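Each residue of the sequence shown is one higher than the one before, counting from 34 in the numbering used here. Where a beta carbon is used, it is the ideal one built from N, C-alpha and C, also for glycine. Keep in mind it's a predicted model, so treat the numbers as computed, not measured.
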Amino acid sequence: MKLTFPDGETLADLGTYVARARSLEADGAVRLQAVGGVLAAWVCVVPGQGLTGSGTVLGLRTMALAGAHDLDVTVALAALGDRFARRSANGEAGTTLQVPPAEISPRWAGVLPPRGGWQPISTVRTADLLAAAEEGITEVAQGAPEGSGAAAVGMLRARVWSHEVLDAAGAPTGAPAGAGLAARVLGFARAGDERSATVHRQGAWTRVSLPSGYVLSRGATGTA
């Protein structure tokens with residue numbers, strides 16, 4: 034299995050994205066969906082709870098490929114990161130990436146959001162997303178004392194990152210705080226960026242569309 038990119042810069046962009054995702058979860062995974070000349074790379078930022086995956090927050094980065102592709106695999110971030118590290122160490126300058134052969138099956142990879150039917154509901158400033166991320170990181174750190182069990186930490190994170198982002202006037206934006214975390218960690222938004230992102234909804238899913246990528250989060254079924 035391999036992916037061929039139009040240039041080295043696009044390939045390096047995928048490597049940066051993988052490294053950022055690994056900084057959040059070293060044992061995480063990435064789902065690579067390549068159709069025609071487009072690659073969609075999905076990563077999990079906040080794992081969901083229960084059978085429906087309520088609270089799941091996913092990052093999505095799309096990029097161009099060279100030539101027609103047909104691939105849909107989920108591999109370990111560490112395995113893909115090792116491929117990039119090996120390329121760097123060997124000074125490889127090609128634009129083809131060999132995808133690790135070992136596939137894995139994280140629960141989130143089987144519950145991706147729908148492709149169509151999205152309805153715009155609002156906009157949110159990237160500055161407000163980043164502020165929500167900083168507040169959430171502090172709340173999680175203060176609320177999870179040393180020795181907390183994995184289940185307790187998971188419940189705390191789910192609660193914190195489901196909080197709705199408020200704008201500068203205190204009005205709700207429809208975007209969860211987890212979207213801010215994803216934007217911050219994955220490099221979709223940076224301090225000083227005064228642009229706004231659009232917020233769409235489809236059923237239980239919310240999508241925040243930023244210039245550099247997308248954040249998709251799943252609320253409880255039936256939530257508005």
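- Within the same chain, Leu36, Ala73, Leu98, His102, Asp103, Leu104 and Asp105 come within 8 Å of Ala67 by CB-CB distance, once the 5 residues on both sides are set aside.
- Under the three-pair Cβ rule at 8 Å, the stretch 234-249 counts as touching the stretch 144-156.
- Scanning the stretch 51-129 for uninterrupted alpha helix (DSSP H) segments of 4 residues or longer gives 110-123, listed from N- to C-terminal end.
- Listed as beta-bridge partners of Gly246 by DSSP are Leu243.
- Taking all protein chains in view, the Cβ of Arg140 is surrounded by fewer than 16 other Cβ atoms within 10 Å, so the residue is classified as exposed.
- Contact annotation: the stretch 212-220 touches the stretch 78-97, with at least three C-beta pairs closer than 8 Å.
- The stretch 217-229 makes contact with the stretch 158-172: 3 or more CB pairs, one atom from each, lie closer than 8 Å.
- Under DSSP, Gln152 shares a beta bridge with Arg234.
- DSSP, reduced to helix, strand and coil, places Ala164 within a helical segment of the structure shown.
- Within the DSSP bridge table, the entry for Pro205 names Leu199 as partners.
- Following the DSSP letters along the chain, one finds Leu36 inside the beta strand (DSSP E) bounded by residues Lys35 to Thr37.
- Between the stretch 107-120 and the stretch 50-66 there are three or more C-beta pairs closer than 8 Å, enough to call the two in contact.
- In the DSSP assignment, Trp194 falls within the alpha helix (DSSP H) that extends over Ala183 to Trp194.
- The Cβ atoms of Pro146 and Leu57 lie no closer than 9 Å to each other.
- In the structure shown, Arg217 falls within a helical segment according to DSSP collapsed to helix, strand and coil.
- For Arg251, the secondary structure class from DSSP, reduced to helix, strand or coil, is strand.
- For a cut-off of 8 Å, the C-beta gap from Gly61 to Ala54 is around 6 Å, short enough to register as a contact.
- Bridge pairing for Arg158: Ser229 [DSSP].
- Linking Leu47 to Glu197 through their CA atoms gives a straight-line distance of about 30 Å.
- Pro133 places its beta carbon less than 9 Å from that of Arg116.
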